[in-house]
Structure formats: structure tokens, C-alpha cells
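Single-structure report; data block below.
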Amino acid sequence: MHSCIYEGEVRHARYRPKENRFRTSVFFLYLDLAELDTVFNGRWLWSTKGFDLAYLRRKDHFGDPSLTIDEAVRALVQQKTGKRPAGPVRMMTHLRYLGHNFNPATFYYCYDAAGSRVETIVVEVHNTPWGEVHCYVVDERDNMGSREQKRFRLKKDFTVSPFMPMDLEYEWNLTEPGGTVSVHMADFDKEGKIFEAKLAVERREITGASLARMLLKYPMVTVKVIAGIYWQAFRLWRKGVTFYGHA
Numbered sequence: 333m334h335s336c337i338y339e340g341e342v343r344h345a346r347y348r349p350k351e352n353r354f355r356t357s358v359f360f361l362y363l364d365l366a367e368l369d370t371v372f373n374g375r376w377l378w379s380t381k382g383f384d385l386a387y388l389r390r391k392d393h394f395g396d397p398s399l400t401i402d403e404a405v406r407a408l409v410q411q412k413t414g415k416r417p418a419g420p421v422r423m424m425t426h427l428r429y430l431g432h433n434f435n436p437a438t439f440y441y442c443y444d445a446a447g448s449r450v451e452t453i454v455v456e457v458h459n460t461p462w463g464e465v466h467c468y469v470v471d472e473r474d475n476m477g478s479r480e481q482k483r484f485r486l487k488k489d490f491t492v493s494p495f496m497p498m499d500l501e502y503e504w505n506l507t508e509p510g511g512t513v514s515v516h517m518a519d520f521d522k523e524g525k526i527f528e529a530k531l532a533v534e535r536r537e538i539t540g541a542s543l544a545r546m547l548l549k550y551p552m553v554t555v556k557v558i559a560g561i562y563w564q565a566f567r568l569w570r571k572g573v574t575f576y577g578h579a
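For the sequence shown, my numbering begins at 333 and goes up steadily by one.
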């Protein structure tokens with residue numbers, strides 16, 4: 333089975349105009365969208381079909397709700413790149429826990445027909461308090477790095493933090509999922525790097541016991557995520573960082 337748990341740490345560092353740093357422990361589910369029944373059927377308190385302690389809800393993710401998540405990802409990739417993914421689609425995400433969900437970013441890894449190589453990555457970004465969603469699509473044809481360490485440059489075109497201007501360029505460095513996953517996202521203005529976020533997680537087998545252990549270790553993880561966002565926003569406000577609002 334390709335589905336698993338990834339557990340590790342997220343770090344954020346802002347360099348200008350005021351320095352601000354934090355780190356937090358996290359876990360994600362990495363789900364092969366063809367394996368959902370295998371992963372969830374017979375799991376106590378985990379579900380894809382209705383409210384439960386942990387619930388993969390279709391409406392929490394982008395796209396036409398009449399389509400499955402898998403179908404929505406394939407349609408978007410075809411629209412943006414002209415090529416429909418031929419292999420598995422696997423997502424790294426937070427579920428809805430006790431009725432609450434917030435995913436700053438969900439990563440969809442679209443594989444070749446053999447399922448051996450990632451060809452396209454969709455990054456689904458959500459913001460708060462506006463509740464908006466935007467998808468960035470990065471394709472292997474635009475990869476400036478290697479297969480093992482993919483690197484992409486792209487323009488920012490979606491408001492995430494009201495303490496960040498819109499006139500920024502992103503540099504993303506991403507690895508293919510394996511024993512570990514790393515994501516490094518940096519923001520650049522005309523003077524250089526002003527912010528970076530790093531995700532480093534390690535693979536854990538997905539079993540009933542490991543799922544229960546994650547819920548005990550990280551109760552209400554998505555509440556922790558959104559509370560952390562507002563706490564860091566308060567810290568930035570206290571430091572006098574410019575408030576840009578929503579573009």
C-alpha cells in the first residue's frame with residue numbers, strides 16, 4: 333500500500349522587515365486516491381463517508397463537488413498543462429477532525445503511468461479569514477532542479493497572509509514522497525528573500541494503531557494549525573509589520 337502517515341516538523345522564518353520565527357510538530361495523511369476504501373474501511377473513528385472523529389470530506393477540497401477528488405485533480409492538470417495524469421494521484425493533507433478542518437496547503441502528487449515518477453504537483457492553498465482556495469500547478473517540464481530535488485519559480489497570485497505584499501515571487505523546492513518528504517517554499521521581493529517555510533516529515537506505516545496514536549499525540553491538529561496562524565499574525569502586528577489586507 334502506498335498510503336501512509338507522514339510525521340515531522342514545519343518551520344517558518346520571516347527575515348524582513350521584522351524577523352519572526354516559529355516551528356511546530358505536525359502529521360499528515362498521504363493517501364493514494366485509489367486506496368481510500370482500503371485505508372478507511374473497517375477503521376474505527378476514521379471515515380470518507382460521513383461525520384467521524386477523523387473524516388476525509390469531499391467539500392473540504394477544491395473542484396466540482398460532483399467529481400471525486402481524483403477526478404478534479406486530473407481535470408485541473410489537463411486544463412493547466414494539456415496533459416491528463418496517466419498514473420496514480422496521491423494527496424498529502426489534513427483530514428477533518430471532530431468537525432473542524434483547515435489545510436493551509438494540500439499537495440497532490442500526480443504520477444506517470446508506471447506510478448514510479450511524479451510528473452505534476454498540484455498545491456491547493458487555503459487562506460483565512462476569507463476562506464478562499466487557489467491551486468498552483470507545477471509540471472516536470474518546468475522543473476529547474478533534479479528529479480530528486482525539484483525546483484520551481486512562479487509568481488504569487490493569491491493572498492495568503494495579510495502581512496505579505498502581492499508583488500512577490502515564489503521558489504519552491506520539493507522532493508518526491510518516499511521515506512521522507514521535504515517542502516521548502518521561499519518568498520522573494522526585489523531585494524531578495526523575505527520569508528521561507530520548510531516542511532520535513534518521515535514516513536510511518538498506516539495502521540489502526542498508528543492512526544489512533546496520531547490522534548492521541550496531535551488532538552485537534554487543525555485547530556492547532558489555525559490557532560497558530562492567528563497567534564503569529566498577532567505577533568507580526570505587535571512588531572509593527574505592515575498590514576496589506578486582501579489584494
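Don't be surprised by glycine CBs; every beta carbon is placed ideally from N, CA and C. Please read all numbers here as calculations on a predicted model, not as lab measurements.
Rounded distance between the beta-carbons of residue j and residue i, thought under 8 Å
i	j	result
residue 498	residue 579	4 Å
residue 424	residue 359	10 Å between Cβ atoms; not a contact.
residue 508	residue 555	Residue 508 to residue 555, Cβ: 30 Å. No contact.
residue 501	residue 485	6 Å
residue 364	residue 422	5 Å
residue 438	residue 456	4 Å
residue 385	residue 547	7 Å
residue 545	residue 352	With a Cβ gap of about 32 Å, residue 545 and residue 352 do not count as contacting.
6 Å CB neighbourhood of residue i in its chain, flanking five on each side removed
i	result
residue 371	335
residue 538	335, 336 and 337
residue 529	344 and 517
residue 398	none
residue 412	469
Cutoff 7 Å; reference residue i; Cβ partners in own chain excluding five residues on either side
i	result
residue 558	434 and 460
residue 387	379, 427 and 428
residue 543	375 and 378
residue 462	578
Three-state class that DSSP yields for residue i in the structure shown
i	result
residue 345	strand
residue 568	helix
residue 404	helix
residue 526	strand
residue 491	coil
residue 545	helix
residue 575	coil
residue 560	helix
Opposing strand residues paired with residue i [DSSP bridges]
i	result
residue 363	423
residue 514	532
residue 503	485 and 518
residue 356	342
residue 386	378 and 429
residue 337	361 and 536
Spatial neighbours of residue i in its chain, beta-carbon cut-off 8 Å, leaving aside the 5 residues before and after
i	result
residue 552	429, 430 and 432
residue 355	341, 342, 343 and 344
Check your understanding: If you scan the stretch 426-487 from start to end, which runs of the beta strand (DSSP E) of 3 or more residues do you find wholly inside it?
Key -> Within the stretch 426-487, the complete beta strand (DSSP E) runs of at least 3 residues are 437-443, 450-458, 465-471 and 482-487.
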